[in-house]
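Protein chains in written order, with the working numbering: chain A, 1 to 10; chain B, 1001 to 1215. Idealized CB from N, CA, C, for every residue including glycine. The structure appears below as structure tokens.
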Amino acid sequence: EIEPLPKDEL
Amino acid sequence: MNIFRLAGDMTHLASVLVLLLKIHTIKSCAGISLKTQELYAIVFATRYLDIFTDFISLYNTIMKLIFLGSSFSIVWYIRQHKIVRRSYDKDQDTFRYVFIVLPCIFLALIINEKFTFKEVMWTFSLYLEAVAILPQLVLLQRTRNIDNLTGQYVFLLGAYRALYILNWIYRYFTEPHYIHWIPWIAGIVQTLLYGDFFYYYFHSWKNNKKLQLPA
């Protein structure tokens, strides 16, 4: 299962 | 980081600073919805849970601290400050935001990218941010005329999310598998909610007359 993308936005 | 996202973050920063400046200098919160400010404090508190666990960049951490600090201090000002609290119009600011918080919690529990506490809280904060402006828009409709600082605040707040949509389009085309349906849909709903305000704001600015929202 793919990991959700890192949350790099505010 | 792209220009749309930086412009979006700066616009968002400007919106909270305009509000803080207004409340701090004229010691008044007339026309400001405390409900919306409380919802934004919840949005930031639930979105930045990872502020101390996941370090992304100095910029990211500093901006998160600014948003958390400003939103909670605005709520404090309106609730506690002996002078400011007097100008809070609680009889008009009556939006029952439980009607938006509960559906957002429910929606976040069923539509999310991964069913973990952090992920569900992040998703909840996105859905909540999309509708957090509602109490403020309702208050503006009720009080009809708005002073231009409040108008600028709402305008900047709407513009920031519109810039973020451009940022998501840019990242979709420039980064492989950058697909984030949830913030995209929440962001579009949020920007649409500001739509009619933008319309009246633009026309009042064009005709150079006081911003009057229709009843």
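### Task
Only counting runs of 4 or more residues, tell me where the alpha helix (DSSP H) segments fall wholly within the stretch 1023 to 1064 of chain B, in order along the chain.
1034 to 1047
### 8 angstroms Cβ cutoff, B/TYR1201 in contact with chain A
no
### Task
List the residues of chain A that B/ARG1005 touches, going by C-beta distances under 9 angstroms, in chain order.
GLU9 and LEU10
### Task
Find the residues of chain A that neighbour B/ASN1060, judging by a C-beta separation of less than 9 angstroms, and give them in chain order.
ASP8, GLU9 and LEU10
### Query
Where A/LYS7 and B/ALA1159 are concerned, what is the direct C-alpha to C-alpha distance, given to the nearest angstrom?
21 angstroms
### Complete runs of the beta strand (DSSP E) confined to the stretch 1134 to 1173 of chain B [at least 3 residues]
none
### Nearest neighbour of B/ILE1026, chosen from B/ILE1146, B/VAL1084, B/HIS1180 and B/VAL1098 [CA to CA]
B/VAL1084
### Message
Strictly below 7 angstroms CB to CB, what residues from chain A border B/TRP1122?
### Response
LYS7
### Message
Measuring only the C-alpha atoms, how far is B/HIS1203 from B/LYS1210?
### Response
10 angstroms
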